[in-house]
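K.L.:
Keeping their order, the protein sequence lines are chains U and H. The first sequence begins at 1 in this note's numbering and counts up one residue at a time. The second sequence begins at 1 in this note's numbering and counts up one residue at a time.
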Amino acid sequence: AQSVTQLDSQVPVFEEAPVELRCNYSSSVSVYLFWYVQYPNQGLQLLLKYLSGSTLVKGINGFEAEFNKSQTSFHLRKPSVHISDTAEYFCAAGRRGYQKVTFGTGTKLQVIP
Amino acid sequence: EAGVAQSPRYKIIEKRQSVAFWCNPISGHATLYWYQQILGQGPKLLIQFQNNGVVDDSQLPKDRFSAERLKGVDSTLKIQPAKLEDSAVYLCASSLVGGSNTEAFFGQGTRLTVV
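Printed below as a string of structure tokens:
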């Protein structure tokens with residue numbers, strides 16, 4: 001089974017500054033990768049996903065992520081954050097031929113005015 | 001399009017009591033998931049249904065947790081008896097098809113506190 005590591009539990013950043021949320025996974029073999037966002041008292045919502053093809057994936061709300069096979073990473077980036085981006089972000093991974101998706105422990109993004 | 005509906009939103013019970021959660025997935029979604037999200041952790045899959053059959057329940061504590069999916073639509077998750085460590089948010093999700101390459105749509109969750 002895949003394992004997913006999100007090393008940063010909290011990331012404070014000033015409004016309009018760029019941000020990168022880090023995610024590493026255990027195996028690049030036929031991997032599927034996701035970023036979900038969870039706003040307070042809400043369920044998770046998909047931001048973007050990588051299934052195959054281009055390693056740069058663009059998602060909703062101006063977020064993007066890059067699949068890096070050699071570093072087994074799938075870091076999430078946004079060039080300029082807004083207050084409304086304050087939320088918890090979860091990286092998740094699955095493998096072809098398996099049903100299960102494994103989630104990381106989450107990173108809380110706090111945007112400071 | 002209506003999203004995944006869960007009830008109740010909040011529940012407080014004493015240890016050793018029983019509790020049940022209800023989930024109504026998005027219409028037409030064949031796959032339904034129940035996740036447990038303990039504070040400070042990511043969601044952990046408890047059980048996955050494909051229509052009304054169980055695909056994966058390897059992490060479901062079967063001595064106290066049970067789940068069913070009625071007629072391949074609604075689902076209930078039950079805990080009996082509850083322990084303090086069951087305090088968590090229980091998330092229901094659904095997807096059009098199964099497979100680890102599929103986007104899941106999540107409900108708002110039920111926050112359970114066991115005292």
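Virtual Cβ for every residue (Gly too), placed ideally from N, Cα, C.
Locate the beta strand (DSSP E) running through U/Ala92, then write down its first and last residues.
P.N.:
Counting from one through the first sequence, the residue named residue 92 of chain U turns up at place 92. Run containing U/Ala92: 87 to 95, per the beta strand (DSSP E) assignment.
K.L.:
Looking at the unbroken beta strand (DSSP E) that takes in H/Thr31, where does it start and where does it end?
P.N.:
Mapped onto the second sequence, residue 31 of chain H falls at position 31. Residues 31 to 37.
K.L.:
Please report the distance separating the alpha-carbon of U/Gln110 from that of H/Gly3.
P.N.:
As a first step, residue 110 of chain U must be located in the first sequence, where it is residue number 110. As a first step, residue 3 of chain H must be located in the second sequence, where it is residue number 3. So the alpha carbons of these two residues sit roughly 27 angstroms apart.
K.L.:
Spatial neighbours of U/Val13 within its chain, please: CB distance less than 8 angstroms, with the 5 preceding and 5 following residues excluded, ordered by chain position.
P.N.:
Sequence index remark: in the first sequence, residue 13 of chain U carries index 13 (1-based). Val19, Val81, Leu109, Gln110, Val111, Ile112.
K.L.:
Are the segment 76 to 83 of chain H and the segment 93 to 103 of chain H in contact at 8 angstroms, needing three or more beta carbon pairs?
P.N.:
No: fewer than three Cβ pairs fall under 8 angstroms.
K.L.:
Assuming contact is defined by CB atoms lying nearer than 8 angstroms, are H/Gln36 and H/Leu46 in contact in what I supplied?
P.N.:
In the second sequence, counting from the first residue as 1, residue 36 of chain H sits at position 36. In the second sequence, counting from the first residue as 1, residue 46 of chain H sits at position 46. Closer than 8 angstroms, so yes.
K.L.:
Look up H/Ala20 in the DSSP assignment and give the residues it is bridged to.
P.N.:
Translated into positions along the second sequence, residue 20 of chain H becomes position 20. Looking at the DSSP assignment, H/Ala20 forms a beta bridge with H/Lys78.
K.L.:
So if DSSP puts U/Arg77 in a beta bridge, which residue, or which two residues, is it bridged to?
P.N.:
Locating residue 77 of chain U in the first sequence gives position 77, counting from the first residue. Paired residues: U/Glu20, U/Glu64.
K.L.:
Can you tell me the Cα-Cα spacing of H/Lys15 and H/Ser7, whole angstroms?
P.N.:
Your numbering for residue 15 of chain H matches position 15 in the second sequence. Your numbering for residue 7 of chain H matches position 7 in the second sequence. For H/Lys15 and H/Ser7, the distance between alpha carbons rounds to 20 angstroms.
K.L.:
Would you mind sorting H/Gly109 into buried or exposed? The rule is 16 or more other CB atoms within 10 Å of its CB.
P.N.:
As a working mapping, residue 109 of chain H is identified with position 109 in the second sequence. When all chains shown are included, H/Gly109 counts as buried.
K.L.:
Name the chain H residues whose beta carbon is nearer than 8 angstroms to that of U/Ser105?
P.N.:
Looking up residue 105 of chain U in the first sequence gives position 105. Per the sequence shown, the amino acid found at residue 105 of chain U is Thr instead of Ser. Those are Gly40, Gln41, Gly42, listed as they occur along chain H.
K.L.:
Which residues, in chain order, does the segment 51 to 66 of chain U contribute to contact with chain H at a C-beta distance below 8 angstroms?
P.N.:
Taking 8 angstroms as the Cβ-Cβ cut-off against chain H, the residues of the segment 51 to 66 of chain U that qualify are Leu51.
K.L.:
Let me know if U/Ala17 comes out buried or exposed under the rule of 16 or more other beta-carbons within 10 Å of its beta-carbon.
P.N.:
Within the first sequence, residue 17 of chain U is the residue found at index 17, counting from 1. Exposed: under 16 other Cβ atoms inside 10 Å.
K.L.:
For H/Gln59, which residues in the same chain have their Cβ closer than 7 angstroms to its Cβ, ignoring the five residues on either side in sequence?
P.N.:
Start at 1 with the first residue of the second sequence, and residue 59 of chain H comes out as number 59. Contacts found: Lys44, Leu45, Leu46.
K.L.:
How would you list, in chain order, the residues of chain U whose beta-carbon sits under 7 angstroms from the beta-carbon of H/Val55?
P.N.:
Against the second sequence, residue 55 of chain H aligns to sequence position 55. What H/Val55 touches in chain U: Gln99.
K.L.:
Would you say U/Leu78 faces chain H, with C-beta separation under 8 angstroms as the test?
P.N.:
Numbered from 1 along the first sequence, position 78 holds the residue referred to as residue 78 of chain U. Strictly speaking, residue 78 of chain U in this sequence is Lys, with Leu absent from that position. So no, U/Lys78 is outside the interface.
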